[in-house]
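First residue of the sequence shown: 49, per the working numbering; consecutive thereafter. Each residue gets a CB set at the ideal place from its N, CA and C atoms; glycine is no exception.
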Amino acid sequence: MSLTQIATASGMQPSKAHRYLVSLARVGLVAQSPSSGRYDLGPAMRRLGVESLRRRTS
(Lines of atoms letter the chains of each structure in order from A and count residues from 1; the text may use other names and numbers.)
(Lines give C-alpha, C1' and ligand atoms only; values in the text may rest on other atoms or scores of the structure.)
Protein backbone atom coordinates (compact mmCIF):
# COMPACT_ATOMS: atom_id res chain seq x y z
CA MET A 1 0.00 0.00 0.00
CA SER A 2 1.09 3.57 -0.49
CA LEU A 3 1.54 5.99 2.37
CA THR A 4 -1.57 7.86 1.20
CA GLN A 5 -3.65 4.68 1.20
CA ILE A 6 -2.46 3.74 4.68
CA ALA A 7 -3.10 7.24 6.03
CA THR A 8 -6.59 7.32 4.55
CA ALA A 9 -7.49 3.83 5.79
CA SER A 10 -6.25 4.63 9.29
CA GLY A 11 -7.77 8.10 9.47
CA MET A 12 -4.37 9.70 10.09
CA GLN A 13 -2.54 12.53 8.46
CA PRO A 14 0.19 11.22 6.13
CA SER A 15 2.96 12.72 8.29
CA LYS A 16 1.71 10.87 11.37
CA ALA A 17 1.23 7.61 9.46
CA HIS A 18 4.78 7.95 8.10
CA ARG A 19 6.21 8.26 11.62
CA TYR A 20 4.41 5.08 12.65
CA LEU A 21 5.59 3.25 9.52
CA VAL A 22 9.21 4.25 10.17
CA SER A 23 8.95 2.84 13.70
CA LEU A 24 7.29 -0.35 12.49
CA ALA A 25 9.95 -0.77 9.80
CA ARG A 26 12.74 -0.48 12.37
CA VAL A 27 11.45 -3.60 14.14
CA GLY A 28 10.62 -5.48 10.94
CA LEU A 29 6.84 -5.32 11.09
CA VAL A 30 6.59 -3.45 7.78
CA ALA A 31 8.94 -3.11 4.84
CA GLN A 32 9.06 -0.49 2.12
CA SER A 33 9.82 -1.47 -1.45
CA PRO A 34 12.86 0.43 -2.70
CA SER A 35 11.51 0.50 -6.26
CA SER A 36 7.84 1.42 -5.72
CA GLY A 37 7.93 3.01 -2.25
CA ARG A 38 4.91 0.95 -1.23
CA TYR A 39 4.64 -0.72 2.16
CA ASP A 40 4.03 -4.38 2.84
CA LEU A 41 4.35 -6.84 5.70
CA GLY A 42 7.88 -7.05 7.02
CA PRO A 43 9.81 -10.18 7.96
CA ALA A 44 8.88 -10.04 11.65
CA MET A 45 5.19 -9.73 10.79
CA ARG A 46 5.44 -12.68 8.40
CA ARG A 47 7.02 -14.80 11.13
CA LEU A 48 4.28 -13.75 13.53
CA GLY A 49 1.62 -14.74 10.99
CA VAL A 50 3.20 -18.14 10.38
CA GLU A 51 3.41 -18.78 14.11
CA SER A 52 -0.23 -17.77 14.53
CA LEU A 53 -1.28 -20.21 11.80
CA ARG A 54 0.85 -22.96 13.33
CA ARG A 55 -0.85 -22.53 16.68
CA ARG A 56 -4.34 -22.63 15.17
CA THR A 57 -3.69 -25.99 13.55
CA SER A 58 -2.22 -27.58 16.69
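Output the boundary residues of the alpha helix (DSSP H) element that contains residue i.
{"i": "Q53", "result": "L51 to S58"}
Between which two residues does the beta strand (DSSP E) containing residue i stretch?
{"i": "V98", "result": "Here V98 belongs to no beta strand (DSSP E); instead the alpha helix (DSSP H) covers P91 to T105."}
Is residue i helix, strand or coil when you go by DSSP?
{"i": "V78", "result": "strand"}
For residue i, list the residues DSSP reports as bridge partners.
{"i": "Y87", "result": "Q80"}
Taking Cβ positions, are residue i and residue j nearer each other than 7 Å?
{"i": "A79", "j": "G97", "result": "no"}
{"i": "A65", "j": "A55", "result": "yes"}
{"i": "R86", "j": "S63", "result": "no"}
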